[in-house]
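Report on the structure given below.
Number of protein chains: 2
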Amino acid sequence: MSKVNLKTLAKELAVSISTVSKALRDSHEIGDETKQQVLAKAKELGYKPNPYASYMRQQKSNTIALIIPEMTNSFFLNVIDGAESVATENDYHLLIYITHEDAQKEKRIINHLQNGRVDGIIMSLSSTVDEYSHLHECIENNIPIIFFDRICHEIETIKITTDDFTSAFIATEHLIKNGCKKIAYLSIAENLSIDNKRMQGYSEALSKHDIEFDKSRIVRCNNDDKFNYKKIKQLFKNIEVDGVFSSIEKFALSTYSVCKDVGINIPNDVKIISFSNIATADFLSPALTTITQPAHEMGVKAASELFKYLDKKRYNIPNENIIIKSTLTVRESSIKKK
Amino acid sequence: MSKVNLKTLAKELAVSISTVSKALRDSHEIGDETKQQVLAKAKELGYKPNPYASYMRQQKSNTIALIIPEMTNSFFLNVIDGAESVATENDYHLLIYITHEDAQKEKRIINHLQNGRVDGIIMSLSSTVDEYSHLHECIENNIPIIFFDRICHEIETIKITTDDFTSAFIATEHLIKNGCKKIAYLSIAENLSIDNKRMQGYSEALSKHDIEFDKSRIVRCNNDDKFNYKKIKQLFKNIEVDGVFSSIEKFALSTYSVCKDVGINIPNDVKIISFSNIATADFLSPALTTITQPAHEMGVKAASELFKYLDKKRYNIPNENIIIKSTLTVRESSIKKK
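So the protein sequences, as listed, match chains S and A.
With the first letter of the first sequence counted as 1, position 100 gets the number 100 in our numbering; the numbers rise by one all the way through.
Just add 1000 to wherever you are in the second sequence, counting from 1, and you've got our numbering.
Encoded structure:
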């Protein structure tokens, strides 16, 4: 079966290719009768517009990109699911890129996406990125970026986050109210906005309850599970800890692993709370207390906001912070056993 | 900053657009000196090829699609991670589509992908698809498809699966050896090849151990967690069950949920085993015995096989079944407590 294109249709109808093209785009230059004939013939022959040819005519790719730092975090999966649903509704295609927390990879991806591959980008920064020229360049090339979760303050655009400070404050206070006084904070990366806000919330809650902030209880984790396991094991060995506040889900799982291996009982010896969207929180041993982010909603919101600006020739996105609240779900890991 | 395109380069160098285009593609029609000049100027001005314009010249999109039935299954996440890594290595872009187990949505996606949007497709069938004309049409339009996990027997191509029959046989025999005689099978969909094979393995193991196959212990689950919860609850209420073999992960989690709510002890009252790639299997209460599929490896293999055929004008993929073995990981949920 040979492909039906504009040329085939033009030949069949004995009109010019330009007429067919304009008729399919519902141009006012073409009469209704001709439009009807073109549409009927297109349907009859099973014409499907070539996205690349139509890009060349309209300068639109009908594609957006979602750039995430990792796949093994249930938060990002829910974001993908949300963003994909909005893309599909708008008859758009969704490209997925994973930076694996590698700044160089993030730069290569952003570089690749310029000059028309996509109409816009939704992204969450890699934890190792510390300068943003690639993002500025992308914006200068008129490709809009909407940030979610790990946002870039330097870029003027819409940034969608959860209430990181308040959630962290509530979580830490929850541990304190359950008797914890020596609470460790598992940090993801100093240079990420979410980490700063979460640590500020943690620190503020300690301060409110007259507990001294102790630097030795701040553990800098990264993308390497083995490294994190070792760091957390060292923490328990070197210093007294009765509570753990984990800034992201995977560090909480590493903590479970350490506790299981060295015989620390959760929640008797140490209480744990974590930012997490893990589906199995209820079935963990013990069930994990989580700050559940509105991940799916954040994906939907990021994509919906982006679509507002895609049809504009020269977009002008306001610098706006949209905050969608998280919810604390208390389970066994953070409360006193009766 | 205005975009640098072939026209800009041609003007700057005072040569034709065609010369620039051919020089950038390293055509033999262009002399070495001119090529050097074009490349130097392209670098100087920061020229980035427009993917759509270059598609029009080369009829290649440098994009592949990955179509999966759902996002909330850790198996598919690992497949995405594997496929994305191969796409990146090959300087390709990866489009993600989720059918949400909806046959109509699968058809719309496949229809959308024809006429050049992608160079090839990797996919796992939706559980509600029961006729395959959309896939035949896609192949006729010269877009190669490689199947993984939920394959389509009707299409001659490469199909990547795990050893579903053998793994299911081993899993069921494992339950029998741990004392189970009344084993339920949680089925995903009659019309899926993986479900057939897994149920055959289950049935064969029962037969080997002289246990009668009892239709009332086959539970047809679907994509709706609430429906599955109800069906599993009914199963336990209506009939004696001492073992559960779950064909996919989410049904095992629903079983955990039912057992928790109605006070059935795992593994004392009922033993559970499941096909699953869940990262938290070790930390579940009790830890879940899994048949762990080589999900990441399957994603890498599917993408790698596809790339072998993308550069051919008219591809001819052999009809081949590639089987990558799963591993049984025995944990607390399936063994007698000491």
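Even for Gly, the Cβ is constructed at its ideal location relative to N, Cα and C.
Would you decide whether methionine 1001 of chain A is buried or exposed? Buried here means 16 or more other CB atoms lie within 10 Å of its CB.
Per-residue confidence for methionine 1001 of chain A stands at a pLDDT of 42, beneath the threshold of 50, marking its modelled position as unreliable; the derived number appears in the next sentence. Exposed, because fewer than 16 other Cβ atoms sit within 10 Å of the Cβ of methionine 1001 of chain A.
Let's see if you can read the secondary structure: which residues bound the alpha helix (DSSP H) around threonine 166 of chain S?
Where threonine 166 of chain S is concerned, the enclosing alpha helix (DSSP H) stretches over 164-177.
Contact check, methionine 1096 of chain A vs leucine 1066 of chain A, beta carbons under 8 Å:
Correcting the residue identity first, residue 1096 of chain A is isoleucine in this sequence and not methionine. In contact: isoleucine 1096 of chain A and leucine 1066 of chain A (Cβ atoms closer than 8 Å).
Leaving out the 5 sequence neighbours to the left and right, which residues in its chain are closer than 8 Å to aspartate 1026 of chain A when beta-carbon positions are compared?
If the five residues before and after aspartate 1026 of chain A are omitted, its C-beta is found closer than 8 Å to the C-beta atoms of Lys1035, all from its own chain and listed in chain order.
So which residues on chain S does glutamine 1114 of chain A lean against when the C-beta distance must stay under 7 Å?
Those are Lys48, listed as they occur along chain S.
Counting only Cβ pairs nearer than 8 Å, list the residues of chain S close to serine 1285 of chain A.
Per Cβ cutoff of 8 Å: Phe283, Leu284, Ser285, Pro286 and Ala287.
Glutamate 29 of chain S - DSSP class collapsed to helix/strand/coil
Reduced to three states, the DSSP call for glutamate 29 of chain S is coil.
Give a yes or no on whether 8 Å exceeds the smallest Cβ distance from isoleucine 1335 of chain A to chain S.
Under the 8 Å criterion on CB atoms, isoleucine 1335 of chain A is classed as non-interfacial with respect to chain S.
Please name the residue, chosen from S/Phe227, S/Gly82 and S/Val262, that lies closest to threonine 1072 of chain A on a Cα-to-Cα basis.
Checked all of S/Phe227, S/Gly82 and S/Val262; the closest Cα to threonine 1072 of chain A is S/Gly82.
If we define contact as Cβ-Cβ less than 8 Å, is aspartate 81 of chain S a contact residue for chain A?
Answer yes: the Cβ-Cβ gap between aspartate 81 of chain S and chain A drops below 8 Å somewhere.
Please list the terminal residues of the continuous beta strand (DSSP E) segment that includes threonine 157 of chain S.
In the DSSP assignment, threonine 157 of chain S falls outside any beta strand (DSSP E), carrying neither H nor E.
Any C-beta of chain C under 8 Å from that of arginine 1331 of chain A
Among the chains of the structure shown, chain C does not appear; the protein chains present are S and A.
List, in chain order, every chain S residue whose beta-carbon is nearer than 7 Å to that of glutamate 1084 of chain A.
Chain S residues near glutamate 1084 of chain A: Ile96 and Ile98.
Under a CB-based cut-off of 8 Å, is arginine 1397 of chain A close to chain S?
An answer regarding residue 1397 of chain A cannot be provided, because it is not within the stretch 1001 to 1338 covered by chain A.
Segments of 3+ residues assigned as beta strand (DSSP E) that fall wholly inside the segment 1038-1119 of chain A:
Counting whole runs of 3 or more residues, the segment 1038-1119 of chain A contains the beta strand (DSSP E) stretches 1063-1068 and 1093-1098.
Distance CB(isoleucine 1183 of chain A)-CB(leucine 1175 of chain A) smaller than 8 Å
It is a contact, given that the beta carbons lie within the stated cut-off.
Going by DSSP, what residue range makes up the beta strand (DSSP E) through lysine 1336 of chain A?
Bounds of any beta strand (DSSP E) do not take in lysine 1336 of chain A, whose DSSP letter is neither H nor E.
Please confirm whether tyrosine 1132 of chain A has its beta-carbon closer than 8 Å to some beta-carbon of chain S.
No - not a single Cβ of chain S is within 8 Å of the one on tyrosine 1132 of chain A.
With 7 Å as the limit, tell me which residues of the segment 250-261 of chain S have their beta carbon closer than that to any beta carbon of chain A; keep them in chain order.
Result list: Leu253 and Tyr256.
Can you pull the chain A neighbours of methionine 71 of chain S, defined as C-beta to C-beta under 7 Å?
Result: Leu1077, Ile1080 and Asp1081.
Terminal residues of the beta strand (DSSP E) in which asparagine 1321 of chain A lies:
Going by DSSP, asparagine 1321 of chain A is part of the beta strand (DSSP E) stretching over 1320-1323.
Are the beta-carbon atoms belonging to lysine 301 of chain S and isoleucine 322 of chain S less than 8 Å from one another?
Yes. Within cutoff.
For the beta strand (DSSP E) containing lysine 271 of chain S, list its first residue and its last residue.
Element bounds for lysine 271 of chain S: 271-275.
At least one CB of chain A closer than 8 Å to the CB of proline 267 of chain S: is that the case?
Taking 8 Å as the CB threshold, proline 267 of chain S stays off the interface with chain A.
How would you list, in chain order, the residues of chain S whose beta-carbon sits under 8 Å from the beta-carbon of lysine 1003 of chain A?
Residues of chain S passing the Cβ test: Asn115 and Asn141.
Closer than 8 Å to chain S by CB, alanine 1279 of chain A:
Closer than 8 Å to the CB of alanine 1279 of chain A there is at least one CB belonging to chain S.
Under 8 Å by Cβ, that's how I've got isoleucine 155 of chain S and tyrosine 185 of chain S pegged, so tell me the actual separation to the nearest angstrom.
Between isoleucine 155 of chain S and tyrosine 185 of chain S a beta carbon distance of about 28 Å is seen, past the 8 Å cut, so the two are scored as non-contacting.
Do valine 258 of chain S and phenylalanine 236 of chain S come within 8 Å of each other at the CB atom, strictly closer than that value?
The answer is yes: Cβ separation under 8 Å.
Is the Cβ-Cβ distance between isoleucine 1146 of chain A and isoleucine 1122 of chain A less than 8 Å?
Yes. Within cutoff.
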